[in-house]
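All remarks here apply to the structure that follows.
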Ligand SMILES: NC(=O)c1ccc[n+]([C@@H]2O[C@H](COP(=O)([O-])OP(=O)(O)OC[C@H]3O[C@@H](n4cnc5c(N)ncnc54)[C@H](O)[C@@H]3O)[C@@H](O)[C@H]2O)c1
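Numbering (the numbering used here), first residue to last: 408 to 622.
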């Protein structure tokens with residue numbers, strides 16, 4: 408069984424690849440990553456040595472339909488797991504176009520390619536930020552309305568809607584996950600938890616959005 412992991416040189420994708428190769432011995436992994444500032448080949452140091460031909464890497468943009476098509480012609484993937492994204496809220500406020508390119512066009516290209524090539528399952532890794540700020544209700548559910556507050560979360564919500572539309576229109580087997588903030592090994596230090604820790608260690612002010620009550 409071979410799976411296509413996109414954005415596998417980023418924080419969560421690289422942890423996922425290590426986990427899958429370690430725990431699911433029949434799995435072969437192809438990692439596609441264009442290596443933006445957030446992608447780091449060193450996040451997967453030692454993987455080839457440990458897992459050999461069960462892991463391979465292609466440098467490519469998920470929005471490049473020809474390259475995605477060629478890859479899915481070369482391999483018959485059981486599943487696509489789409490971690491590739493522009494993922495930093497502040498950067499999306501300054502430069503939203505990259506977010507539209509990767510998060511919306513890239514996801515659309517992958518969904519289309521996966522369907523045409525008979526990929527059985529598509530997992531779209533999204534974010535709880537598509538729900539916007541938590542109101543007095545105190546929690547989100549899968550039924551909560553989409554109410555994104557930044558170009559980042561709007562682009563992720565757009566990708567989610569495309570994924571759900573593929574399920575409704577073509578009966579494509581699509582799953583959308585919307586996790587909250589993650590932290591851990593291989594995370595780029597611009598993100599909330601490493602940023603706060605680094606600033607606290609340096610005795611620098613901690614950046615707070617709004618009045619600090621937004622969740
Ligand atoms: N980190 C979190 O706390 C968090 C929370 C909720 C959801 N998510 C979602 O999880 C996914 C992974 O997040 P992360 O924190 O690992 O992100 P990350 O920024 O660390 O990694 C993203 C990876 O995608 C690659 N990439 C970007 N554009 C690409 C393109 N056009 N083609 C191919 N590769 C491209 C980058 O090079 C990088 O390796 C994202 O979709 C993000 O929206 C993350």
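Cβ coordinates follow ideal geometry from the N, Cα and C atoms, glycine included.
Boundaries (first-last residue) of the beta strand (DSSP E) holding residue i
{"i": "residue 604", "result": "Here residue 604 belongs to no beta strand (DSSP E); instead the alpha helix (DSSP H) covers 599 to 608."}
{"i": "residue 563", "result": "Run containing residue 563: none in the beta strand (DSSP E); it sits in the alpha helix (DSSP H), 558 to 577."}
{"i": "residue 410", "result": "409 to 413"}
DSSP state of residue i mapped onto helix, strand, coil
{"i": "residue 492", "result": "coil"}
{"i": "residue 484", "result": "coil"}
{"i": "residue 541", "result": "coil"}
{"i": "residue 533", "result": "strand"}
{"i": "residue 464", "result": "strand"}
{"i": "residue 435", "result": "strand"}
{"i": "residue 586", "result": "strand"}
Nearest to residue i (by Cα), restricted to the options the options
{"i": "residue 529", "options": "572, 506, 544 and 535", "result": "572"}
{"i": "residue 448", "options": "611, 608, 595 and 569", "result": "595"}
{"i": "residue 490", "options": "438, 433 and 545", "result": "438"}
{"i": "residue 520", "options": "496, 483 and 544", "result": "483"}
{"i": "residue 599", "options": "488, 409 and 496", "result": "496"}
{"i": "residue 467", "options": "442, 609, 481 and 575", "result": "442"}
{"i": "residue 579", "options": "617, 515 and 433", "result": "515"}
{"i": "residue 617", "options": "546, 563 and 540", "result": "540"}
{"i": "residue 492", "options": "615, 410 and 416", "result": "416"}
{"i": "residue 506", "options": "547, 564 and 585", "result": "564"}
{"i": "residue 413", "options": "465, 429 and 544", "result": "465"}
{"i": "residue 440", "options": "558, 604 and 474", "result": "474"}
{"i": "residue 577", "options": "513, 525 and 432", "result": "525"}
Alpha-carbon spacing of residue i relative to residue j, whole angstroms
{"i": "residue 485", "j": "residue 538", "result": "30 angstroms"}
{"i": "residue 522", "j": "residue 435", "result": "20 angstroms"}
{"i": "residue 601", "j": "residue 479", "result": "36 angstroms"}
Anticipated Cβ contact below 8 angstroms, residue i with residue j, distance rounded
{"i": "residue 419", "j": "residue 589", "result": "6 angstroms"}
{"i": "residue 451", "j": "residue 421", "result": "5 angstroms"}
{"i": "residue 663", "j": "residue 531", "result": "In the structure displayed, the chain extends from 408 to 622; residue 663 sits before or after that span and is not available."}
Extent of the continuous alpha helix (DSSP H) to which residue i belongs
{"i": "residue 442", "result": "Per DSSP, residue 442 belongs to no alpha helix (DSSP H) and is neither H nor E."}
{"i": "residue 518", "result": "514 to 523"}
{"i": "residue 450", "result": "No alpha helix (DSSP H) contains residue 450, which DSSP labels as neither H nor E."}
{"i": "residue 419", "result": "418 to 430"}
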